[in-house]
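Quick notes on the structure that follows.
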Amino acid sequence: MAWFPDEQWCAKAGGIIDQEFFDFDAQSDRLVGHDQDYLQLSDGRFHGRFVSCFLGAHASLHIEYANQALSQSIGGASGCYSLGVVLGASEPFRANGVEIDTGAIFVVPPQSAFHLFSPKHASILACVVDKAALDARLACAPQILEWLDALGTDLACLRAPLLAERLRQDAYSALHASGPDAVVDPQPEWIGRALIDSFSAGLMLEWGSGISMIGQEVHPRFARFMTARTTLDHAIQSETPIHMVSDGIEMSKRSLQYAFSRELSVGVSSYALRARLHAVRRTLADPKGNPGSIGDLAAQQGFWSWSHFSKQYRQLFGERPSETKARATA
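First residue of the sequence shown? That's 14 in our numbering, and the numbers climb one at a time after it.
Here it is as structure tokens:
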């Protein structure tokens with residue numbers, strides 16, 4: 014299924030916004046109402062695309078592609094559920110440590126917070142629906158409503174191949190019904206309500222038979238990883254030696270290495286290097302945050318050799334530090 018046409022959607026395509034990005038921080042700001050922070054894990058110049066389709070007051074679709082592997086920290090929107098399905102990926106996404114492939118859906122309650130690993134050359138769909146509107150459609154299914162309410166702010170992952178495919182197909186139809194090639198003038202409110210109706214119907218039809226839970230409460234293994242990652246982030250900021258991190262969290266160096274490799278596909282040292290390079294990059298990319306020389310900014314993150322720093326920076330981001338700084342001040 015061709016989610017992304019060869020050419021970008023026409024600017025006159027109703028409520029569709031189609032943008033191409035070469036900056037992952039800029040792309041992370043595109044999901045309206047959500048708080049997102051990205052860290053690039055794989056090497057090379059970032060290239061992404063983000064398509065949003067706004068369907069009245071109660072629903073919107075957001076399709077994201079990225080050519081690089083990303084670690085994403087995401088905060089859910091206020092008053093809305095976000096329903097996520099994979100469109101295409103060479104390996105599974107991971108939502109709070111749970112593998113998400115094309116046969117799964119992850120449900121993000123209002124104001125929740127979760128971590129998402131997205132692999133290279135992957136695309137994903139988020140269908141954002143108004144909580145009150147979805148609750149109204151599910152009023153005749155109190156068991157499902159009780160389950161949704163019981164989530165609180167916890168992410169839920171479901172194994173639901175038919176429902177996931179239904180959501181993909183409905184999203185594809187909604188995009189084309191809202192696009193410049195629609196045979197009639199787009200009616201966003203109608204399309205949005207139809208999208209919510211279809212998802213609600215599919216959820217009720219498959220509840221108890223075609224759906225199984227593959228993750229709701231955070232697995233202790235993933236919780237330990239997040240504790241280790243938070244501790245490592247603080248160690249990087251305070252220039253604490255990395256080898257002391259495992260001692261501080263009572264986790265063996267081998268277990269720590271395995272946790273990072275499993276959740277992010279990079280080792281501890283590789284993650285720490287990337288985190289430090291991101292800190293330099295974000296300072297360089299901020300027009301008000303880079304008063305010193307690039308060498309001084311790099312040294313603040315522990316890079317004392319200019320040649321090594323420049324090589325590592327270009328390897329990860331696909332550009333020289335001076336190019337990042339020049340773009341910010343242009």
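C-beta: ideal position from N, C-alpha, C; glycine also.
For L129, the three-state secondary structure derived from DSSP is strand. Taking a contact as a CB-CB distance under 8 Å, the pair I76 and L138 counts as one, their CB atoms being some 5 Å apart. For the stretch 196 to 249, the full-length alpha helix (DSSP H) segments reaching 4 residues or more read 201 to 219 along the chain. According to DSSP, R107 shares a beta bridge with E112 and F130.
When C-alpha distances from R275 are compared across Q49, N109, G61 and G97, the shortest belongs to N109. When the beta-carbon positions are compared, G69 and P201 come within less than 8 Å of each other.
Counting only runs that start and end inside the stretch 116 to 172, the beta strand (DSSP E) elements of at least 3 residues fall at 117 to 121, 126 to 131, 135 to 143 and 169 to 172. Closest in alpha carbon position to D114, among H189, L175, A149 and E230, is L175. An exposed status is given to Q250, since fewer than 16 other beta-carbon atoms sit within 10 Å of its beta-carbon. The beta carbon of R327 sits closer than 7 Å to the beta carbons of R333 from its chain, once the five residues preceding and following it are set aside; these are given in chain order. Residue L96 holds the alpha-carbon nearest to the alpha-carbon of V121 among A102, L310, L96 and T296.
The beta carbon of S191 is closer than 8 Å to those of A26, G27, G28, I29, C66, L68, P199, P201 and I204 in its chain, skipping five residues each way along the sequence. In the DSSP assignment, F63 is bridged to Q32 and E77.
The DSSP-derived three-state label of Q314 is coil. Residue environment: P132 is assigned as buried (16 or more neighbouring CB atoms within 10 Å of its CB, all protein chains considered). Ranked by Cα distance from L245, the first of E230, H232, R172 and M264 is M264.
Secondary structure note for V45: it is in no beta strand (DSSP E), with a DSSP letter that is neither H nor E. Linking S268 to F238 through their CA atoms gives a straight-line distance of about 9 Å. A Cβ-Cβ separation of about 5 Å places Y78 in contact with R62 under the 8 Å criterion.
With contacts defined as CB atoms closer than 8 Å, L310 and R181 fail to qualify as a contacting pair. In the DSSP assignment, L329 falls within the alpha helix (DSSP H) that extends over W319 to F330.
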